[in-house]
Amino acid sequence: MVQKTSKYARILCDLPVTEEQVQKMREDFAGNPLMQAALMDPSVSLEEKEGVINRLFSGELRSFLCRLAEDGMMGRVGEICDGFLKLRDERNQIKHAVLTCVHEPTEEQLDKIKKFILIQFGSKEARIEVKKDEGLIGGFVLDVDDKHYDWSLKGRMEDLGRSMHRRARTLGADGDPDAVISILKEEIRNYNFDGSSQEIGTVVRFGDGIATVHGMDHAMYGEVVVFDTGVKGMVQDIRHESIGCILLGSEKGIKAGTKVTCTGRKAGVPVSDEYLGRVINALGEPIDGRGVINADKYLPIEREAPGIADRKSVSVPLETGILSIDSMFPIGRGQREL
21 MVQKTSKYAR ILCDLPVTEE QVQKMREDFA GNPLMQAALM DPSVSLEEKE GVINRLFSGE
81 LRSFLCRLAE DGMMGRVGEI CDGFLKLRDE RNQIKHAVLT CVHEPTEEQL DKIKKFILIQ
141 FGSKEARIEV KKDEGLIGGF VLDVDDKHYD WSLKGRMEDL GRSMHRRART LGADGDPDAV
201 ISILKEEIRN YNFDGSSQEI GTVVRFGDGI ATVHGMDHAM YGEVVVFDTG VKGMVQDIRH
261 ESIGCILLGS EKGIKAGTKV TCTGRKAGVP VSDEYLGRVI NALGEPIDGR GVINADKYLP
321 IEREAPGIAD RKSVSVPLET GILSIDSMFP IGRGQREL
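Sequential numbering from 21 applies to the sequence shown in my numbering.
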């Protein structure tokens, strides 16, 4: 159904109609529930539906709506209009952004943010919607498509907290308190806020350990993602409008509306000699209270097996004790080739 909606949005975008005409058409549908019911009712004949459309609409929109009625797509008018506006903006290289801040920005600040969007995304025009959120404490957050730029004081404090937590964990459970305080002070002095963009999506459906996420257009199959709750997930299904992720931890706190962040890294297994003798969970994270394990590298959990020429040859026979098998069909120990 999503593909059909996109198809009709492209057809509408190719017609000589303006955004104002499409917006008015959508408003007419939204403001007249009786007309909606009549045009969506399967018991109403196509001739009657076309008669209603001919009385209320004209020109190219009339022909377009008659086609929708014929194809049984009248219930998707709102989605088709949204697709039209998005596609028209893409063709005209217009970017829509949401600026969340504590205080209303000045015209000079807005102009600088618009220039940043134009340069960063190569667009010709930027339209910014301003929202206020005193919870940010200071600074601002900019969202463009699925890109998230957090330059707020709240974001800096959260980032510093995560950095300090990671550094403190390296000391282990038996770390000296004075050493902990000393290292945390050093971490604060040397802290440098990155402020780079993150690709963020939103959970639209969740159940049975599987989250359907809207956004994150550049997510890869098998990529690790992080939910707002701190739980990690892995991308296992990529569709036209959404992706499916399996959870690799607790479901607590995850629901529709939860934010999800791309990591740009595929699921892998950390490898190093430090793992010898340690107790870890399924993600390779230590659970024995003896501090962080430093990995030399990460090996992907899904990768191509070595070719026959690269494998070690089978050289030791494995006797089954059955003479007919051992004499006619010898088996090699650890057999990986025939």
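Here a beta-carbon is modelled for each residue, glycine too, at the ideal position from N, C-alpha and C.
In this text, all values refer to a predicted model and were calculated from it rather than measured experimentally.
Which residues mark the beginning and the end of the alpha helix (DSSP H) in which Arg147 is found?
-> Along the sequence shown, one-based indexing puts residue 147 at 127. Unbroken run through Arg147 is the beta strand (DSSP E), 145-152; no alpha helix (DSSP H).
Decide if the stretch 103-110 is in contact with the stretch 128-141; the criterion is three or more beta carbon pairs, one per stretch, under 8 Å apart.
-> no
Given that a residue counts as buried once 16 or more other Cβ atoms are within 10 Å of its Cβ, and exposed if not, what is Glu40?
-> For the purposes of this step, residue 40 is taken as the residue at position 20 of the sequence shown. The residue in question, Glu40, is exposed, as its Cβ has fewer than 16 Cβ neighbours within 10 Å.
Thr222 in three-state terms, based on DSSP | Taking the sequence shown and counting its residues from 1, the one referred to as residue 222 is at position 202. DSSP places Thr222 in strand when its eight states are reduced to three.
Local conformation of Asp194 per DSSP, three classes | Taking the first residue of the sequence shown as 1, we reach residue 194 at position 174. Note that Asp194 scores 49 on pLDDT, short of 50, meaning its location in the model is unreliable; the coordinates nonetheless yield the value given after this. If DSSP states are grouped into helix, strand and coil, Asp194 belongs with coil.
Inter-residue CB distance, Ile342 and Ala287 (contact presumed, cutoff 8 Å) | For the purposes of this step, residue 342 is identified with residue 322 of the sequence shown, where counting begins at 1. For the purposes of this step, residue 287 is identified with residue 267 of the sequence shown, where counting begins at 1. At roughly 43 Å, the Cβ-Cβ gap does not stay under 8 Å, so Ile342 and Ala287 are not in contact.
Determine the burial state of Ser262: buried for a count of at least 16 other Cβ atoms within 10 Å of its Cβ, exposed for fewer.
-> By one-based count along the sequence shown, residue 262 stands at place 242. Ser262 should be labelled buried.
Run the CB neighbour count on Phe349, radius 10 Å, all protein chains shown included, and call it buried at 16 or more, exposed below.
-> Taking the first residue of the sequence shown as position 1, residue 349 is located at position 329. With fewer than 16 other Cβ atoms within 10 Å, it is exposed.
Quick one: is Ser172 buried, meaning 16 or more other Cβ sit within 10 Å of its Cβ, or exposed?
-> Indexing the sequence shown from 1 puts residue 172 at position 152. By the 10 Å Cβ count, Ser172 comes out buried.
Within its chain, find whatever has a CB closer than 7 Å to the CB of Gly235; leave out the 5 residues flanking it on each side and keep chain order.
-> As a position in the sequence shown, residue 235 is number 215, starting the count at 1. The answer, listed in chain order, is Asp166, Ile220, Gly221, Thr222.
Report the rounded CA-to-CA distance for Gly269 versus Gly253, giving the unit in angstroms.
-> Translated into positions along the sequence shown, residue 269 becomes position 249. Translated into positions along the sequence shown, residue 253 becomes position 233. Going by the C-alpha atoms only, they are around 8 Å apart.
Proximity below 9 Å, CB of Tyr295 to CB of Ile307 | Taking the sequence shown and counting its residues from 1, one reaches residue 295 at position 275. Taking the sequence shown and counting its residues from 1, one reaches residue 307 at position 287. Going by C-beta atoms, Tyr295 is not nearer than 9 Å to Ile307.
At which residues does the alpha helix (DSSP H) containing Ile345 begin and terminate?
-> For the purposes of this step, residue 345 is taken as the residue at position 325 of the sequence shown. That run of the alpha helix (DSSP H) goes 343-348.
Given a threshold of 16 other Cβ atoms within 10 Å of its Cβ, counted over all protein chains shown, does Gly95 qualify as buried or as exposed?
-> Sequence index remark: in the sequence shown, residue 95 carries index 75 (1-based). That one is exposed.
Determine the closest residue to Asp153 out of Val122, Leu267, Leu180, Lys27, with distance taken between C-alpha atoms.
-> Within the sequence shown, numbered from 1, the residue matching residue 153 stands at position 133. Answer by Cα proximity: Val122.
For Val72, which residues of its own chain have a beta-carbon under 7 Å away from its beta-carbon, when the five flanking residues on both sides are left out?
-> Along the sequence shown, read from residue 1 onward, the residue named residue 72 stands at position 52. So the list reads Met55, Ala58, Leu59, once near-sequence residues are dropped.
Under 9 Å between the Cβ atoms of Ala50 and Gly92?
-> Locating residue 50 in the sequence shown gives position 30, where the first residue counts as 1. Locating residue 92 in the sequence shown gives position 72, where the first residue counts as 1. Result no, Cβ atoms of Ala50 and Gly92 do not sit closer than 9 Å.
Can you tell me where the alpha helix (DSSP H) with Val251 in it begins and where it stops?
-> Locating residue 251 in the sequence shown gives position 231, where the first residue counts as 1. Segment: none, Val251 is in no alpha helix (DSSP H) and carries neither H nor E.
Just curious, the alpha helix (DSSP H) that Arg285 is in, first and last residue?
-> Start at 1 with the first residue of the sequence shown, and residue 285 comes out as number 265. Where Arg285 is concerned, there is no enclosing alpha helix (DSSP H), although the beta strand (DSSP E) it sits in stretches over 279-286.
Figure out for me which residue from Asn52, Lys24, Glu110 has the closest Cα to the Cα of Leu88.
-> The residue you call residue 88 lines up with position 68 of the sequence shown. When each option's Cα is compared against that of Leu88, the closest is Lys24.
How big is the Cα-Cα spacing for Leu76 and Thr278?
-> As a first step, residue 76 is located in the sequence shown; it is residue number 56 there, counting from the start. As a first step, residue 278 is located in the sequence shown; it is residue number 258 there, counting from the start. Roughly 42 Å between the two C-alpha positions.
Please classify Thr232: is it buried, with 16 or more other beta-carbons within 10 angstroms of its beta-carbon, or exposed?
-> As a working mapping, residue 232 is identified with position 212 in the sequence shown. Under this definition Thr232 is a buried residue.
From what residue to what residue does the alpha helix (DSSP H) around Ala50 run?
-> Within the sequence shown, numbered from 1, the residue matching residue 50 stands at position 30. Per DSSP, Ala50 belongs to the alpha helix (DSSP H) from 39-50.
Assigned exposure category for Leu319 - 16 Cβ within 10 Å defines buried | The residue labelled residue 319 in the question sits at position 299 within the sequence shown. Burial call: exposed.
Distance, Cα to Cα, Cys101 vs Gln43?
-> Along the sequence shown, one-based indexing puts residue 101 at 81. Along the sequence shown, one-based indexing puts residue 43 at 23. So the two alpha carbons sit approximately 7 Å from each other.
Starting from Phe160, follow its DSSP beta bridges and name the residues at the other end.
-> Residue mapping note: residue 160 aligns to position 140 of the sequence shown, counting from 1. The partner list for Phe160 (beta bridge, DSSP) reads Cys121, Trp171.
So Thr283 packs on Glu243, CB below 8 Å; how close in whole Å?
-> Position 263 of the sequence shown, counted from the first residue, corresponds to residue 283. Position 223 of the sequence shown, counted from the first residue, corresponds to residue 243. That pair is a contact at about 7 Å.
Would you decide whether Leu358 is buried or exposed? Buried here means 16 or more other CB atoms lie within 10 Å of its CB.
-> Stepping through the sequence shown from its first residue, residue 358 is reached at position 338. Reliability fails at Leu358, whose pLDDT of 48 lies under 50, so the model's placement of it is uncertain and no value is given.
Among Gly79, Glu67, Asn301, nearest to Pro36 - alpha-carbon criterion | Taking the first residue of the sequence shown as position 1, residue 36 is located at position 16. If we check each option's Cα against that of Pro36, Gly79 comes out closest.
Beta carbon of Glu149 nearer than 9 Å to that of Ile114 | Taking the first residue of the sequence shown as position 1, residue 149 is located at position 129. Taking the first residue of the sequence shown as position 1, residue 114 is located at position 94. No, they are not a contact pair.
With a Cβ-Cβ cutoff of 9 Å, do Asp316 and Ser344 count as a contact?
-> Here the question's residue 316 lines up with position 296 in the sequence shown. Here the question's residue 344 lines up with position 324 in the sequence shown. In this structure, Ser344 does not lie closer than 9 Å to Asp316 by Cβ.
Minimum C-alpha distance to Phe226 - residue among Pro290, Leu180, Lys275, Asp257 = For the purposes of this step, residue 226 is taken as the residue at position 206 of the sequence shown. For Phe226, the nearest C-alpha among the options comes from Lys275.
When DSSP builds the beta bridges, which residues end up paired with Glu80?
-> The count along the sequence shown starts at 1 and reaches residue 80 at position 60. DSSP, once it has assigned bridges, lists no residue as partnering Glu80.
Report the residue from Pro53, Glu271, Ser217, Arg82 whose alpha carbon sits nearest the alpha carbon of Gln140.
-> Here residue 140 refers to the residue found at position 120 when the sequence shown is read from its first residue. It is Ser217 whose Cα lies nearest to the Cα of Gln140.
How big is the Cα-Cα spacing for Ala325 and Arg331?
-> The residue given as residue 325 occupies position 305 in the sequence shown. The residue given as residue 331 occupies position 311 in the sequence shown. Going from the Cα of Ala325 to the Cα of Arg331 covers about 10 Å.
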